[in-house]
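Sequence order for the protein chains is A and B. Note that my numbering gives residue 81 to position 81 of the first sequence, counting from 1, and the numbers run on in steps of one. Note that my numbering gives residue 157 to position 157 of the second sequence, counting from 1, and the numbers run on in steps of one. Presented below is the structure to which this report refers.
Number of protein chains: 2
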Amino acid sequence: MREGPDIARIASLVGDPARANMLSALMGGTALTASELALEAGVSLPTASSHLSKLMEGGLLTLASQGRHRYYGLAGPQVAGMIEAITGVAEAVGPKRVRPGPRDAAMRVARVCYDHLAGEQAVAMLDRLVDRKVLLRDDKEIRLGHSAAAHFSALGIDVEAKARRPVCRACLDWSVRRSHLAGTLGAAILDKILAEKWARREKDSRAVVFSPGGRRQFERVFLG
Amino acid sequence: MREGPDIARIASLVGDPARANMLSALMGGTALTASELALEAGVSLPTASSHLSKLMEGGLLTLASQGRHRYYGLAGPQVAGMIEAITGVAEAVGPKRVRPGPRDAAMRVARVCYDHLAGEQAVAMLDRLVDRKVLLRDDKEIRLGHSAAAHFSALGIDVEAKARRPVCRACLDWSVRRSHLAGTLGAAILDKILAEKWARREKDSRAVVFSPGGRRQFERVFLG
DNA sequence: GCGACACTTCGAGCACGGTCGAAACATTGC
DNA sequence: GCAATGTTTCGACCGTGCTCGAAGTGTCGC
Chain A
1 MREGPDIARI ASLVGDPARA NMLSALMGGT ALTASELALE AGVSLPTASS HLSKLMEGGL
61 LTLASQGRHR YYGLAGPQVA GMIEAITGVA EAVGPKRVRP GPRDAAMRVA RVCYDHLAGE
121 QAVAMLDRLV DRKVLLRDDK EIRLGHSAAA HFSALGIDVE AKARRPVCRA CLDWSVRRSH
181 LAGTLGAAIL DKILAEKWAR REKDSRAVVF SPGGRRQFER VFLG
Chain B
1 MREGPDIARI ASLVGDPARA NMLSALMGGT ALTASELALE AGVSLPTASS HLSKLMEGGL
61 LTLASQGRHR YYGLAGPQVA GMIEAITGVA EAVGPKRVRP GPRDAAMRVA RVCYDHLAGE
121 QAVAMLDRLV DRKVLLRDDK EIRLGHSAAA HFSALGIDVE AKARRPVCRA CLDWSVRRSH
181 LAGTLGAAIL DKILAEKWAR REKDSRAVVF SPGGRRQFER VFLG
């Protein structure tokens with residue numbers, strides 16, 4: 001029996017799929033709440049809470065309480081580096097990943113992430129909005145550009161409306177490894193897409209499926 | 001549910017104590033057999049074999065068959081880097097390690113590692129033998145010095161005796177993070193220590209306990 | 001060939017840990 | 001104060017996977 005640091009303890013914390021998903025979600029750098037992490041991991045709130053307390057006890061997370069919101073984040077760059085290293089090995093040894101089925105393909109294109117859109121479409125949208133300087137991205141932070149108010153009010157979205165949550169936030173999209181738009185603006189855009197019936201949510205899934213016409217509308221407005 | 005590489009799968013492979021011990025043992029760089037790894041991990045041979053096939057399937061190990069010996073080694077530097085990263089986090093977050101009890105203290109001083117001596121005494125012995133140029137250490141490899149034959153034959157150990165296993169081998173000692181002496185010479189020295197009754201093996205443990213007189217003899221011969 | 005050795009596979013037992021619903025707790029807003 | 005919201009704790013269920021003894025497979029030495 002070897003001695004030394006208890007590496008099995010740490011590795012087994014990462015070794016549960018739900019916890020691994022949570023940690024991957026937190027690799028984006030932004031702290032998330034228990035509810036958001038439960039959604040990301042695909043488990044119920046009590047289960048997520050249990051996992052989070054284990055990760056806390058293991059020293060892998062930090063907790064910032066703000067009123068009734070509790071934001072969980074990675075404990076530090078060392079932990080992030082470890083996740084990176086594990087991800088690298090998983091990528092290297094696991095190109096034998098199961099071929100994505102039709103449902104997974106839909107998820108890859110567009111899906112709900114908490115209350116906003118994720119997937120290839122969402123990543124393309126954010127890229128285009130930044131290109132057009134509607135939004136400004138410095139590093140990890142996203143801010144409104146000068147034309148943002150006019151641009152979004154034309155769509156019936158009031159970006160000036162004060163909200164407790166940040167208006168814009170970057171959210172790392174694992175399927176394409178790029179950020180997409182979160183925050184109240186991201187939520188408002190998803191609302192718009194669903195309200196206009198450009199797309200509908202797949203039942204019992206996070207996939208978002210665009211209708212042919214809806215896709216054209218979406219691309220005209222956001223990717224044009 | 002996030003997509004991307006299956007990091008939980010890899011992490012859970014490392015997350016079992018037996019497998020973690022095996023991987024730590026292999027961090028020394030030398031490939032080991034299933035029996036040696038079973039001893040290191042403190043599990044039976046069937047259990048070890050099962051773990052090894054899982055690690056193989058997960059792509060974390062390579063296997064070199066040589067006759068009826070099968071040497072397992074880490075699959076590559078990327079895997080080693082991952083173990084390093086996990087070890088680093090475990091060290092950082094886990095200084096709350098349980099205080100070693102009396103039995104653990106004995107293990108730390110001297111214990112059996114397969115068929116040779118490990119622990120602080122063994123590390124000190126190798127250091128001294130290298131200082132006196134009885135053994136020569138380049139990097140990870142250990143060779144016999146010119147005075148080795150004379151030195152050991154005085155102790156009744158024939159280093160010229162041909163053996164299938166290498167005469168000298170470095171074996172990483174986790175409790176002190178330094179190498180100690182393995183191979184047939186390491187085995188012969190342990191035999192000598194036990195035959196001369198300088199020390200005895202603790203029952204149901206790998207600890208080796210020196211008698212006061214035996215310790216003096218050992219230190220005179222190997223640390224003098 | 002045969003025995004000895006190194007290792008793997010099989011089968012069954014068992015415990016740990018993940019899971020969720022319901023309920024308790026905490027904080028905010030009215 | 002009370003209702004609404006976000007989160008944790010409790011209790012019970014259930015499955016995965018770790019474990020070992022015994023038997024089977026393959027390789028070496030004589």
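Think of the CB as a built atom: it goes at the ideal place given N, C-alpha and C, for glycine as much as any other residue. As the structure is a computational prediction, the values presented were derived from the model and not from experiment.
Problem - Per-residue DSSP class, three states only, for Thr33 (chain A) - result: Within the first sequence, numbered from 1, the residue matching residue 33 (chain A) stands at position 33. Strand, per DSSP.
Handout entry: Partners in chain A for Ile86 (chain B), counting only beta-carbon separations shorter than 7 Å
Key = Along the second sequence, one-based indexing puts residue 86 (chain B) at 86. The answer, in chain order, is Ile7, Ile10, Ala11 and Met82.
Practice task
Give, in chain order, every residue of the region 53-79 of chain A whose Cβ lies closer than 8 Å to some Cβ of chain B.
Solution key: Under the 8 Å Cβ criterion, the region 53-79 of chain A contributes Gly58, Gly59, Leu60, Ala75, Gln78 and Val79.
Problem - Residue-chain proximity (Val208 (chain A), chain B), Cβ-Cβ < 8 Å - result: One-based indexing of the first sequence puts residue 208 (chain A) at position 208. No, because no Cβ of chain B sits closer than 8 Å to the Cβ of Val208 (chain A).
Exercise for the section: Answer yes if the region 33-50 of chain A comes into contact with the region 32-52 of chain B, meaning at least three C-beta pairs across the two stretches below 8 Å, and no otherwise. Expected result: Output reads no: the region 33-50 of chain A does not touch the region 32-52 of chain B.
Practice task
Below 8 Å CB to CB, which residues in the same chain sit around Arg200 (chain B) once its five sequence neighbours on both sides are set aside?
Solution key: If you number the second sequence from 1, residue 200 (chain B) lands on position 200. If you ignore the 5 residues before and after Arg200 (chain B), its C-beta comes within less than 8 Å of the C-beta of Leu194, Val208, Val209 and Ser211, all in its own chain and listed in chain order.
Handout entry: Residues within the region 24-47 of chain A neighbouring chain B, beta-carbon criterion of under 7 Å
Key = Among the residues of the region 24-47 of chain A, those with a Cβ less than 7 Å away from any Cβ of chain B are Ser24, Ala25, Glu40 and Gly42, in the order of the chain.
Exercise for the section: Taking only the alpha-carbon atoms, compute the straight-line gap between His227 (chain A) and Ala90 (chain A) and give it to the nearest angstrom. Expected result: Because residue 227 (chain A) is not part of the residues shown, which for chain A are 1 to 224, the question remains open.
Problem - Unbroken alpha helix (DSSP H) run spanning Gly224 (chain A), endpoints - result: Position 224 of the first sequence, counted from the first residue, corresponds to residue 224 (chain A). Counting along the chain, Gly224 (chain A) falls outside any alpha helix (DSSP H), and DSSP gives it neither H nor E.
Practice task
Helix, strand or coil for Arg132 (chain B), going by three-state DSSP, please let me know.
Solution key: Walking along the second sequence from the start, residue 132 (chain B) turns up at place 132. It is coil, neither helix nor strand.
Handout entry: C-beta neighbour in chain B for Gly15 (chain A), strict 8 Å
Key = The sequence position of residue 15 (chain A) within the first sequence is 15, counting from 1. Answer yes: the Cβ-Cβ gap between Gly15 (chain A) and chain B drops below 8 Å somewhere.
Practice task
Return the Cβ separation of Gly15 (chain B) and Ala18 (chain A) in integer angstroms, given the expectation that the two are a contact with Cβ distance under 8 Å.
Solution key: Position 15 of the second sequence, counted from the start, is the residue given in the question as residue 15 (chain B). Position 18 of the first sequence, counted from the start, is the residue given in the question as residue 18 (chain A). Wrong, their Cβ atoms sit about 14 Å apart, outside the cutoff.
Handout entry: First through last residue of the alpha helix (DSSP H) which encompasses Leu117 (chain B)
Key = The count along the second sequence starts at 1 and reaches residue 117 (chain B) at position 117. Where Leu117 (chain B) is concerned, there is no enclosing alpha helix (DSSP H), although the beta strand (DSSP E) it sits in stretches over His116 to Ala118.
Exercise for the section: In the DSSP assignment, find the beta strand (DSSP E) that holds Ala199 (chain B) and state where it starts and stops. Expected result: As a first step, residue 199 (chain B) must be located in the second sequence, where it is residue number 199. Run containing Ala199 (chain B): Ala199 to Arg201, per the beta strand (DSSP E) assignment.
Problem - Three-way DSSP call (helix, strand, coil) for Ala149 (chain B) in this model - result: On the second sequence, residue 149 (chain B) is found 149 positions in, with the first residue counted as 1. Residue state, collapsed to three classes: helix.
Problem - Closer than 7 Å at the beta carbon, the chain A residues around Ala233 (chain B) - result: Because chain B spans 1 through 224 in this model, residue 233 (chain B) falls outside it and cannot be assessed.
Practice task
Sort A:Ile7, A:Leu155, A:Gly88 and A:Leu129 by Cα distance to Ala20 (chain B) and report the nearest one.
Solution key: Translated into the one-based positions of the second sequence, residue 20 (chain B) becomes position 20. Taking the Cα of Ala20 (chain B) as reference, the smallest distance to any Cα among A:Ile7, A:Leu155, A:Gly88 and A:Leu129 is reached at A:Ile7.
Exercise for the section: State buried or exposed for Leu185 (chain A), treating a residue as buried only when at least 16 other CB atoms are found within 10 Å of its CB. Expected result: On the first sequence, position 185 is the one that residue 185 (chain A) refers to. With 16 or more other Cβ atoms from the protein chains shown falling within 10 Å of its own Cβ, Leu185 (chain A) counts as buried.
Practice task
To the nearest angstrom, report how far apart His146 (chain A) and Gly183 (chain A) are at their CA atoms.
Solution key: Mapped onto the first sequence, residue 146 (chain A) falls at position 146. Mapped onto the first sequence, residue 183 (chain A) falls at position 183. For His146 (chain A) and Gly183 (chain A), the distance between alpha carbons rounds to 18 Å.
Practice task
Could you name the residues of the same chain whose beta carbon sits closer than 6 Å to that of Met22 (chain B), not counting the 5 residues immediately before and after it, in chain order?
Solution key: Residue numbering aside, residue 22 (chain B) sits at position 22 when the second sequence is read from its first letter. Same-chain partners within the cutoff: Leu37 and Ala41.
Practice task
Report yes if the C-beta distance between Leu189 (chain B) and Leu74 (chain B) is below 8 Å; otherwise report no.
Solution key: Within the second sequence, numbered from 1, the residue matching residue 189 (chain B) stands at position 189. Within the second sequence, numbered from 1, the residue matching residue 74 (chain B) stands at position 74. Residue identity check: residue 189 (chain B) is Ile in the sequence provided, not Leu. The Cβ atoms of Ile189 (chain B) and Leu74 (chain B) lie no closer than 8 Å to each other.
Exercise for the section: Whole angstroms is fine: what's the gap from Gly214 (chain A)'s alpha carbon to Asp191 (chain A)'s? Expected result: Within the first sequence, residue 214 (chain A) is the residue found at index 214, counting from 1. Within the first sequence, residue 191 (chain A) is the residue found at index 191, counting from 1. It is roughly 14 Å from the alpha-carbon of Gly214 (chain A) to the alpha-carbon of Asp191 (chain A).
Problem - Classification of His151 (chain A) by the beta-carbon crowding that lies within 10 angstroms, buried from 16 upward - result: Residue mapping note: residue 151 (chain A) aligns to position 151 of the first sequence, counting from 1. The C-beta of His151 (chain A) has 16 or more other C-beta atoms within 10 Å across all chains shown, which makes the residue buried.
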